[in-house]
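Residue numbers 227 to 396, in our numbering, belong to the letters of the sequence shown in order.
Glycine residues also receive a C-beta, built at the ideal position from the N, C-alpha and C atoms.
What you are looking at is a predicted structure, and each value in this text was computed from that prediction instead of being measured.
Remarks on the structure that follows.
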Amino acid sequence: MRLLEGVVEVDDLDSFVAELGAIGDAHDCAVQAFDARYVAGREHLASALAHAERAFERGENVARERAVEILLYAAGRRQIRRALEMGVEAGETPAVVLVAADTGVRDPERAEAAAGNAVTEHLAPGGGFDARDDERIRAFFDIGDAELAATDAGLEALVRERVALLDVEK
227 MRLLEGVVEV DDLDSFVAEL GAIGDAHDCA VQAFDARYVA GREHLASALA
277 HAERAFERGE NVARERAVEI LLYAAGRRQI RRALEMGVEA GETPAVVLVA
327 ADTGVRDPER AEAAAGNAVT EHLAPGGGFD ARDDERIRAF FDIGDAELAA
377 TDAGLEALVR ERVALLDVEK
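Now the structure itself:
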């Protein structure tokens, strides 16, 4: 898995998503862009990827495409429409883009590097993990003061718990 950071300027969201999909298809990778303000950290996205891959292996996936399944897990939601809030939108958005080689690719590192290079052309400097917005994350994942006070776990750990709980909610 590669995580690329930057700012995306999206004029037409459908065209942007199609372009990321074409990059993924060309390099046998899932490519998913996230609004970086909703991303709790690298482990948040690594956990979403692991859960999405397991769902496909077991035939329990909700989405047909790996990138969308990854988004669902990252957002901790089963409904694609609700999960899309965590994706990028039209205009300028701080972003983290996940690139993960498809299962069975002979040289996953090479595939991810090639796809990553293509994605980088769409990223301007800035954004990324530095754009994390803890209040936005807490609101999106419904993590209140009482929950934070009841544990020594940090915000990213609580978000990863939401990712894992999605399997229980099926």
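Short Cβ contact (8 Å threshold) for residue i with residue j
i, j, result
"Val288", "Arg304", "yes"
"Arg362", "Ser273", "no"
"Val257", "Thr319", "no"
"Asp254", "Val331", "yes"
"Val389", "Ala300", "yes"
"Ile249", "Ala350", "no"
"Leu239", "Ala259", "no"
"Val265", "Phe366", "no"
"Met227", "Leu297", "no"
Anticipated Cβ contact below 8 Å, residue i with residue j, distance rounded
i, j, result
"Ala357", "Arg263", "5 Å"
"Gly302", "Leu392", "6 Å"
Cα-Cα separation, residue i to residue j
i, j, result
"Val314", "Ala321", "7 Å"
"Thr377", "Asp237", "42 Å"
"Ile306", "Met312", "10 Å"
"Ala316", "Gly353", "15 Å"
"Val243", "Ala341", "14 Å"
"Leu381", "Leu271", "14 Å"
"Gly285", "Ser241", "29 Å"
Opposing strand residues paired with residue i [DSSP bridges]
i, result
"Thr319", "Val234"
"Gln305", "Note: Gln305 sits in no beta bridge, so no partner."
"Asp240", "Looking at the DSSP assignment, Asp240 forms no beta bridge with any residue, so it has no partner."
"Phe367", "Phe367 pairs with nothing; no bridge assigned."
Proximity test, Cβ basis, 8 Å: residue i and chain C
i, result
"Ala321", "Absence of chain C from the displayed structure is noted, only one protein chain being present."
*Counting pairs of Cβ atoms below 8 Å between the region 312-329 and the region 292-300, do you hit three or more?*
Taking 8 Å as the limit for Cβ pairs, the verdict is that the region 292-300 does touch the region 312-329.
*Say whether the region 370-379 touches the region 275-285, bearing in mind that this needs 3 or more beta-carbon pairs closer than 8 Å, one atom from each stretch.*
Here the region 370-379 does not lie against the region 275-285, with fewer than 3 beta-carbon pairs under 8 Å apart.
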